[in-house]
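Visitor: One structure follows; several queries about it will come next.
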């Protein structure tokens with residue numbers, strides 16, 4: 010069995026320099042990948058100000074909007090919370106997600122980072138696949154600490 014996977018930092022649904030909303034285009038591009046599992050970073054779970062300001066802002070959270078009818082299962086890990094909303098990582102899947110855990114792996118108080126860990130059941134193979142989605146820090150020292158947390162998580166939870 011071939012498993013097609015894609016990963017994308019969606020920058021909260023905006024183009025470079027936040028000039029325009031690109032969620033609708035992004036959804037079409039993701040569909041065109043024909044991926045079975047999609048890992049997303051900087052996904053807006055909620056943003057009240059953007060929802061009020063932009064007519065094309067989706068009613069549902071971005072991960073649900075992007076999943077649409079293509080990826081029937083999805084998981085969201087809320088990492089950064091602020092007055093007008095929150096954002097984090099998401100995993101979209103054509104197959105059943107049977108477990109979800111979101112871990113705080115932040116290495117700096119001003120950069121909220123998470124590790125979204127899902128187990129996805131592949132029915133035809135009758136196996137579970139461990140899927141881990143991370144968005145690493147901007148600073149090298151922070152990335153090293155977060156990678157160590159990722160390695161430790163794999164050692165603790167993923168069978169050989």
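Residue numbers (this note's numbering): 10 to 169. Glycine included, every Cβ here is placed at the ideal spot set by N, Cα and C.
I need the DSSP call for residue 111, collapsed to helix, strand or coil.
Guide: Strand at residue 111.
Visitor: DSSP has residue 82 in a bridge; who is on the other side?
Guide: 102, per the DSSP bridge assignment.
Visitor: What is the DSSP secondary structure of residue 69, reduced to helix, strand or coil?
Guide: Looking at residue 69 - three-state DSSP - the assignment turns out to be coil, as it is neither helix nor strand.
Visitor: Smallest Cα separation from residue 60: which of 38, 142, 22, 26?
Guide: Considering only alpha carbons, the answer is 22.
Visitor: Rounded to whole angstroms, what's the CA-CA distance from residue 18 to residue 135? Just pull it up for me.
Guide: Straight-line Cα distance between these residues: approximately 30 Å.
Visitor: Would you call the CB atoms of residue 80 and residue 58 closer than 9 Å?
Guide: Not a contact, by the Cβ cut-off of 9 Å.
Visitor: With C-beta atoms as the reference, is residue 86 less than 9 Å away from residue 145?
Guide: No. Outside cutoff.
Visitor: What does the Cβ neighbour count give for residue 34, buried or exposed, with the cut at 16 atoms within 10 Å?
Guide: Label assigned to residue 34: exposed.
Visitor: In this structure, does DSSP put residue 15 in helix, strand or coil?
Guide: Three-state DSSP puts residue 15 in a strand.
Visitor: Is residue 89 helix, strand or coil by DSSP?
Guide: Correct three-state label for residue 89: strand.
Visitor: Would you identify the three-state DSSP class for residue 163, choosing helix, strand or coil?
Guide: The answer is helix: DSSP assigns residue 163 an H, G or I state.
Visitor: Please name the residue, chosen from 67, 45, 55, that lies closest to residue 92 on a Cα-to-Cα basis.
Guide: Measuring from the Cα of residue 92, the nearest candidate turns out to be 55.
Visitor: Is the separation between the beta-carbon of residue 122 and that of residue 157 shorter than 9 Å?
Guide: Going by C-beta atoms, residue 122 is not nearer than 9 Å to residue 157.
Visitor: Indicate whether residue 52 and residue 97 have their beta-carbon atoms separated by less than 9 Å.
Guide: A contact, by the Cβ cut-off of 9 Å.
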